[in-house]
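Encoded as structure tokens, the structure appears first; notes follow it.
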Amino acid sequence: MKENKSIQEIENEIVEEFALFDSWDDKYEYIIDLGKKLPPLEDQHKIDINKVKGCQSTVWLVSEFRDGKVYYKAESDAIIVKGLISMLIRVLSGHSADEIIDTKLDFINRIGMTTHLAQTRSWFAGDGAADEKFCAGL
Amino acid sequence: MEMTEATTIQKGLDVYAIRRQFPALEREVKGKPLVYFDNAATSQKPQMVIDAMTKYYTGFNANIHRGIHTLAEEATAAFESTRDDVREYIGAGSREEIIFTRGTTEGINLVAYSWGRQNLKEGDEVIISTMEHHSNIVPWQVICEEKNARLKIIPVTDEGELILEEYEKLLGPKTKIVSVVHASNSLGTINPVKKIIDAAHKIGAVVLIDGAQSTVHLDINVREMDCDFFAFSSHKLYGPTGTGILYGKKHILEAMPVFQGGGEMIKEVTFNKTTYNDLPYKFEAGTPNIADVVAFKSALDFVKQTGKEKIRQHEEELLHYATETLEQIPGLRIIGRARKKVSVVSFVMDNIHPQDIGILLDNEGIAVRTGHHCTQPLMDRLGIPGTARASFAVYNTKEEIHKLAVGIEKVKKMLS
């Protein structure tokens, strides 16, 4: 159950999964596949205030605070970013804001994607340190 | 399609011999030989430029001007010698008209702040075009806001050409300056700058030409062009980063107030009154980027030795080949169909974001640029979020363009 796993544990899981790939092609195919499977964000959320600024692609992010935990929904018009979003949701969604803020969030670096996606490093039009952390992963 | 080495050795330009002069081209990316198609952002540097920087730092590093020791004299001579070569390269009348800057952006800012502050007043108009780089938009927005002047925009066609009839309609008694790009960084369009300049001069306006993209590809003669200002950068011309040139007509530069204050730009400083140095030093406050200016001379030497005409022919052939090759790919659309272009091919693909194209091509060792290319208003006009852009330099080959086409087909397959 996800509730029992810490952010760090989920990050480690992803890193282990990526260690199985032999080539960059395989890594990208996996991320593209994740991107394709990411549920679309409802149109009412695709508004300026939910836009992550500074990305080459358009990214919308909405978060919901429920029972002391933050839940994310997000989408992008670029498929690889969508794959990345899918992983960020898997890692961060369902944890407390404090946990999210305190995490190092270094799995993207550990799976070797940083150099590709550094250009998308971004900031968020909305507010909230936890949301900013999510965006820092992009 | 089989490409052989022989196919790209043409008209006396041995592209493989040229490639050997560029150490960065020997590296691999993701285990594949680098294909560097991001030349419109910055070119790679030949060994002779890298050597010139090393020679400066190891042999005669010293602050220039005013020094009486040998190293300072040697450094000054080298620095000033680049100025002479730049003057010759762009056909300027005198060395006083050549001002060293940090790059094209600083050159435009210098004109906007110095000339703009002095010459613009409320209600005046500044004309730029839809295809300008942000560097030739924002400085004018800043000064227009300060002076309550108005920015007027020359529209472009769907093909990416300026609509000159509309430009002529914009010209009027309130027009004080026209600032347009010579060659578009996003689309490659070569603008008819001579016509633009002549029309502006008829109504008494001055003209700045942004030569960031054109200087490496085209023959530049500022006197024939008759522009009042011409700004460009060294780093797109096989030279070091952090160095650029602003050319200005002498009488205009002389009348302009200083831009930045500091050392070198003064004649005499007292707390009551400071007098300023003569051109070009009046606009070169502080210790300049000596090493990079010195090495820029070697970049100009590289171009001279290789031959501008040969470079141009080679790049034109690459542009033609790339256009022909890429437009055969179903779902790919070339953005920018101007009749005259520098070697830039921008494209979009059906249902694929340019960022995905860029990331996946990088995975093939191919460096292209994706995004709005600092021309957001142009992208808005064309109704696209951005493009993927391949831009070619003297060291690129048809084999590399073939690899790009194969890479794009692979991207399509991965994302289908």
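Order-wise, the sequence lines are chains A and B.
Under the working numbering, think of the first position of the first sequence as 1, with each following residue one higher.
Under the working numbering, think of the first position of the second sequence as 1001, with each following residue one higher.
We treat Cβ as the ideally placed atom computed from N, Cα and C, and that holds for glycine.
Per DSSP, reduced to three states, the secondary structure at K1147 of chain B is helical. The beta-carbon of Y30 of chain A is placed no less than 8 angstroms from the nearest beta-carbon of chain B.
By the C-beta density criterion, T1070 of chain B is exposed, having fewer than 16 other C-beta atoms within 10 angstroms. Per DSSP, reduced to three states, the secondary structure at S1416 of chain B is coil, with no helix or strand assignment. Annotation: the continuous beta strand (DSSP E) that includes G1248 of chain B extends over 1244-1248. K1310 of chain B: member of the alpha helix (DSSP H) spanning 1308-1326, first to last residue. At a cut-off of 8 angstroms between beta carbons, H1353 of chain B contacts chain A. Counting only residues of its own chain and dropping the five nearest sequence neighbours on each side, N1221 of chain B has a CB closer than 6 angstroms to the CB of G1091. Proximity of D77 of chain A to chain B, defined by a Cβ-Cβ separation below 8 angstroms, is satisfied. If you keep only unbroken beta strand (DSSP E) runs of at least 3 residues inside the stretch 1356-1415 of chain B, you get 1369-1371, 1387-1391. Where S86 of chain A is concerned, the enclosing alpha helix (DSSP H) starts and stops at 79-92. For the stretch 52-68 of chain A, the beta-carbon criterion of a distance under 9 angstroms to any beta-carbon of chain B is satisfied by C55, Q56, S57, T58. For T1175 of chain B, the enclosing beta strand (DSSP E) covers residues 1175-1181. Distance from the CA atom of N1109 of chain B to the CA atom of D1228 of chain B, rounded to whole angstroms, is 15 angstroms. D131 of chain A counts as buried, since at least 16 other C-beta atoms from the protein chains shown sit within 10 angstroms of its C-beta. Of the other Cβ atoms in all chains shown, fewer than 16 fall within 10 Å of the Cβ of P39 of chain A; this residue is therefore exposed.
Neighbours of G1386 of chain B across chain A, judged by C-beta separation under 8 angstroms: Q56. Within the stretch 20-48 of chain A, contact with chain B at the beta-carbon level (separation under 8 angstroms) is assigned to W24, D25, Y28, E29, I32. Across the set B:Q1328, B:I1245, B:E1168, the C-alpha of B:E1168 shows the shortest separation from the C-alpha of P1155 of chain B. In the three-state DSSP reduction, A1041 of chain B falls in the coil class, being neither helix nor strand.
With its beta carbon at least 8 angstroms from every one in chain A, M1349 of chain B lies outside the interface. Restricting attention to B:L1253, B:K1340, B:A1291, the CA atom closest to the CA of L1279 of chain B is found in B:L1253. Setting aside the 5 residues that flank it on each side, W60 of chain A is surrounded in the same chain by L41, H45, K46, N50, K51, A74, E75, each with a C-beta closer than 7 angstroms to its C-beta; the list follows chain order. Looking at B:V1411, B:D1292, B:T1375, B:V1178, the one whose alpha-carbon comes closest to that of G1331 of chain B is B:V1411. I1154 of chain B carries a strand assignment under DSSP once its states are collapsed to helix, strand and coil. Here DSSP, grouped into helix, strand and coil, assigns S1343 of chain B to coil. In the structure shown, D1292 of chain B falls within a helical segment according to DSSP collapsed to helix, strand and coil.
In the three-state scheme derived from DSSP, where H, G and I count as helix and E and B as strand, R1333 of chain B is classed as strand.
When secondary structure is reduced to three states using DSSP, R1102 of chain B falls in the coil class, being assigned neither helix nor strand. Of B:P1385, B:Y1321, B:A1255, the smallest CA-CA separation from R1117 of chain B is found for B:A1255. About 6 angstroms separates the CB atoms of I1384 of chain B and V1348 of chain B; that is less than 8 angstroms, so the two are in contact. Counting only the Cα atoms, V1035 of chain B lies some 15 angstroms from E1315 of chain B.
If the five residues before and after F65 of chain A are omitted, its C-beta is found closer than 6 angstroms to no C-beta atom of its own chain. Burial of A1390 of chain B is indicated by the presence of at least 16 other C-beta atoms within 10 angstroms of its C-beta.
If you draw a straight line from the Cα of I1197 of chain B to the Cα of R1223 of chain B, it is about 12 angstroms long.
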